[in-house]
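Report on one structure; see the data block that follows.
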Amino acid sequence: MREWVYINNLKDYVGKTVEIRGWVYNLRSSGKVRFILLRDGTGIVQTVMFSPTKDSPQFKKFDELSLESSVILWGKVKEEKRAPGGVEIDIEDFDIVQISDEYPIQKKEHSIGFLMPLRHLWIRSRKQFAILKLRDILIWKIREFFKKEGFTLVDTPILTPSSCEGTTTLFETEYFDQKAYLSQSGQLYNEANAMAFGKVYCFGPTFRAEKSKTRRHLIEFWMVEPEAAYYEFEDMMKVAENFVEYIIQETIKEGKEYLEILERDLSKLENIKAPFPRIKYTDAFKILKEEGSQTPEGEDFGGTDETIISSKFDKPVFVTHFPAKIKAFYMQPDPENPEYTLSFDLLAPEGYGEVIGGSERIHDYELLVKKLKEHGYSEEDYKWYLDLRKYGSVPHSGFGLGLERTLSWITGIHHIREAIPYPRTLYNLYP
RNA sequence: UCCCCGGUAGCUCAAUCGGCAGAGCGGGUGGCUGUUAACCACUAGGUUGGGGGUUCGAGUCCCUCCCGGGGAGCCA
Numbered sequence: 113m114r115e116w117v118y119i120n121n122l123k124d125y126v127g128k129t130v131e132i133r134g135w136v137y138n139l140r141s142s143g144k145v146r147f148i149l150l151r152d153g154t155g156i157v158q159t160v161m162f163s164p165t166k167d168s169p170q171f172k173k174f175d176e177l178s179l180e181s182s183v184i185l186w187g188k189v190k191e192e193k194r195a196p197g198g199v200e201i202d203i204e205d206f207d208i209v210q211i212s213d214e215y216p217i218q219k220k221e222h223s224i225g226f227l228m229p230l231r232h233l234w235i236r237s238r239k240q241f242a243i244l245k246l247r248d249i250l251i252w253k254i255r256e257f258f259k260k261e262g263f264t265l266v267d268t269p270i271l272t273p274s275s276c277e278g279t280t281t282l283f284e285t286e287y288f289d290q291k292a293y294l295s296q297s298g299q300l301y302n303e304a305n306a307m308a309f310g311k312v313y314c315f316g317p318t319f320r321a322e323k324s325k326t327r328r329h330l331i332e333f334w335m336v337e338p339e340a341a342y343y344e345f346e347d348m349m350k351v352a353e354n355f356v357e358y359i360i361q362e363t364i365k366e367g368k369e370y371l372e373i374l375e376r377d378l379s380k381l382e383n384i385k386a387p388f389p390r391i392k393y394t395d396a397f398k399i400l401k402e403e404g405s406q407t408p409e410g411e412d413f414g415g416t417d418e419t420i421i422s423s424k425f426d427k428p429v430f431v432t433h434f435p436a437k438i439k440a441f442y443m444q445p446d447p448e449n450p451e452y453t454l455s456f457d458l459l460a461p462e463g464y465g466e467v468i469g470g471s472e473r474i475h476d477y478e479l480l481v482k483k484l485k486e487h488g489y490s491e492e493d494y495k496w497y498l499d500l501r502k503y504g505s506v507p508h509s510g511f512g513l514g515l516e517r518t519l520s521w522i523t524g525i526h527h528i529r530e531a532i533p534y535p536r537t538l539y540n541l542y543p
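Residues 113 to 543 (our numbering) are what the first sequence spells out, left to right.
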């Protein structure tokens with residue numbers, strides 16, 4: 113295979129003739145000068161050609177080009193202050209691979225209703241490209257953290273026989289002659305895995321058939337969920353804050369060039385260092401009442417409530433000890449007051465809301481059976497899960513972090529649908 | 001599911017009290033030796049989301065349906 117050079121490496125080739133393979137990002141011409149802005153997935157470079165006559169063969173070929181046409185180009189790399197990016201290529205020749213049809217996305221504002229059905233093309237745009245590059249970096253940093261901390265990746269199934277939390281928001285599908293459900297969380301399997309491997313995590317897509325229609329919700333989203341045996345409530349909160357500090361700081365370090373494209377105010381992120389403030393649910397409600405929230409105590413917070421609480425802090429804030437009746441059946445009751453649980457949410461600043469939900473899990477067999485029944489689940493369906501409390505049960509804790517919410521926060525974007533390549537939202541299943 | 005806003009050229013939008021359907025961008029043609037979402041000139045481009053109603057006359061008012069956007073609830 114013949115070798116070619118990627119645009120992000122061009123500065124190493126100043127003075128040399130290189131081959132570039134890419135797509136036309138923009139075209140400009142001014143009499144006897146022609147510019148092709150070429151993009152190749154690693155960056156954009158301006159290329160230029162001159163001709164004393166306007167009907168040279170190269171100019172004729174240039175005039176055939178349209179936006180997003182695919183092109184292989186040869187030319188000499190030079191430093192050029194006038195060019196965006198600092199280097200430019202003097203075109204020696206180029207081959208057209210394919211002339212693009214008239215490209216629907218223009219270099220101007222478009223409505224989201226226009227762009228969403230063109231998502232497969234929209235991801236070529238600078239901002240969308242930058243967001244998805246940061247997603248890649250963030251995912252690697254998440255894996256890196258758990259690798260360093262001695263957690264084992266143990267994958268959990270996507271097709272599952274029963275629910276993890278509630279049944280109203282499950283996607284049901286046929287599984288030969290049975291019913292199966294798309295996973296909402298790998299947590300129950302994580303608990304089994306933690307009893308085998310000690311410290312584990314799973315990381316994959318999860319599905320919630322919620323009819324939610326807000327900037328913080330996706331139908332299909334990615335969640336990373338650690339779970340550790342012998343880790344109690346406080347231990348897991350420490351993991352959570354160290355984890356968040358690590359993935360934020362490492363991602364902004366490695367993803368600087370993309371955050372610049374997005375014009376993200378980095379000072380707000382550089383401040384995200386553990387430890388994070390903690391506030392009990394009941395105390396959070398005192399704040400909410402002072403601020404005039406209408407949410408009745410004992411209920412879960414609304415999105416605006418989360419924003420009120422998080423605006424009191426310049427770091428993410430833990431809200432802890434939620435009432436048992438609004439939380440999942442498996443959460444360990446607070447020994448000081450069993451109406452409450454050893455649970456925690458982490459609220460991100462700047463209105464990005466809940467990015468983590470976690471808890472210590474019930475490890476006592478009798479108590480877990482009692483809670484299962486109270487929540488109306490069948491003991492039969494959870495037989496395997498109950499086994500974990502029969503064969504060497506230990507205290508254990510875990511949490512889940514929503515990837516797209518975290519990425520929205522890091523990138524500073526307004527709507528979560530841009531934090532995943534192909535968002536599944538209430539009304540969007542295409543493309 | 002509920003509340004609010006919207007649907008006019010390929011795109012983003014305008015159209016005063018109900019009175020000739022318009023602009024910018026994009027497309028096409030021509031011009032320009034350093035453009036930065038280039039610029040200049042010319043040019044083509046319309047079932048005003050569908051159906052019904054009121055009126056001499058409806059993009060505009062009324063009814064209804066469809067589609068989109070924003071928010072709420074629920075959650076990560």
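A virtual CB, placed ideally from N, CA and C, is assigned to each residue, including glycine.
Bear in mind that the values here come from a model prediction, so they are computed numbers and not experimental data.
Host alpha helix (DSSP H) of residue i (start-end)
i: PRO169; result: 169 to 176
i: GLU372; result: 368 to 373
i: GLU418; result: 415 to 422
i: TYR393; result: 393 to 402
i: ASP499; result: 495 to 499
i: TYR477; result: 477 to 486
i: TRP521; result: 515 to 523
i: LEU378; result: Here LEU378 belongs to no alpha helix (DSSP H), and DSSP marks it neither H nor E.
Residues near residue i in its chain [Cβ-Cβ closer than 8 Å; skip 5 each side]
i: GLY504; result: MET307
i: TYR477; result: LEU498, ARG501, LYS502, SER505
i: VAL312; result: PHE263, THR264, LEU265, VAL266, ASN302, ASN305, ALA306, PRO338, GLU339, ALA340
i: GLU176; result: ILE208, ILE211
Neighbourhood of residue i by C-beta, 7 Å cutoff - its chain only, sequence neighbours within 5 removed
i: LEU484; result: PHE441, GLU491, TYR494
i: TRP234; result: ILE217, LEU227, GLN240
i: GLN170; result: MET161, SER163
i: PHE257; result: PHE355, TYR358, ILE359
i: ASP446; result: HIS433, TYR452, THR453, LEU454
Close Cβ partners of residue i (< 6 Å) along its chain, the five nearest in sequence each way excluded
i: TYR215; result: LEU179, GLU180
i: ASP207; result: ILE184
i: THR285; result: ALA292
i: GLY367; result: LEU246, ILE249
i: ASN540; result: MET228
i: ASP213; result: none
Proximity below 8 Å, CB of residue i to CB of residue j
i: LYS219; j: LEU374; result: no
i: THR432; j: SER405; result: no
i: ARG376; j: PHE430; result: no
i: VAL183; j: VAL209; result: yes
i: GLU200; j: GLN158; result: yes
i: VAL117; j: GLU131; result: yes
i: GLU353; j: GLN299; result: no
i: LEU479; j: LEU498; result: no
i: LEU519; j: ARG247; result: yes
i: LEU150; j: GLY134; result: yes
i: ALA242; j: HIS508; result: no
i: VAL536; j: GLY465; result: What sits at residue 536 in the sequence shown is Arg, not Val. Going by C-beta atoms, ARG536 is not nearer than 8 Å to GLY465.
i: PHE511; j: ILE468; result: yes
N-terminal and C-terminal residue of the beta strand (DSSP E) that residue i is part of
i: ILE201; result: 199 to 210
i: GLU472; result: 465 to 473
i: LEU459; result: 455 to 460
i: GLU337; result: 332 to 341
i: THR432; result: 429 to 432
Segment contact flag, the region 504 to 524 with the region 374 to 382, C-beta cutoff 8 Å, min 3 pairs: Contact between the region 504 to 524 and the region 374 to 382 is present, because at least three Cβ pairs lie under 8 Å.
Are the region 343 to 358 and the region 316 to 334 in contact at 8 Å, needing three or more beta carbon pairs? The region 343 to 358 vs the region 316 to 334: no contact.
Under 8 Å: do the region 256 to 272 and the region 283 to 298 share three or more Cβ pairs, one atom per stretch? Touching, yes.
Using a Cβ distance threshold of 8 Å, determine whether the region 354 to 363 contacts the region 433 to 453, with at least three qualifying pairs required. No contact exists between the region 354 to 363 and the region 433 to 453.
Sufficient close CB pairs (3 or more, under 8 Å) joining the region 410 to 421 to the region 389 to 402: The answer is yes - the region 389 to 402 touches the region 410 to 421, with three or more Cβ pairs under 8 Å.
Quick check on the DSSP output: what are the complete beta strand (DSSP E) runs of length 3 or more inside the region 259 to 326, in order along the chain? If we require 3 residues or more, the beta strand (DSSP E) runs fully inside the region 259 to 326 come out as 284 to 287, 290 to 294, 311 to 319.
Three or more C-beta pairs below 8 Å linking the region 190 to 198 and the region 131 to 142: Output reads no: the region 131 to 142 does not touch the region 190 to 198.
My parser needs the alpha helix (DSSP H) runs of 4 or more residues fully inside the region 216 to 259; what are they? Runs of the alpha helix (DSSP H) inside the region 216 to 259: 224 to 227, 231 to 234.
Which parts of the region 117 to 190 are runs of the beta strand (DSSP E), unbroken and 3 residues or longer, counting only runs that do not cross its ends? The qualifying runs are 129 to 142, 145 to 151, 156 to 162.
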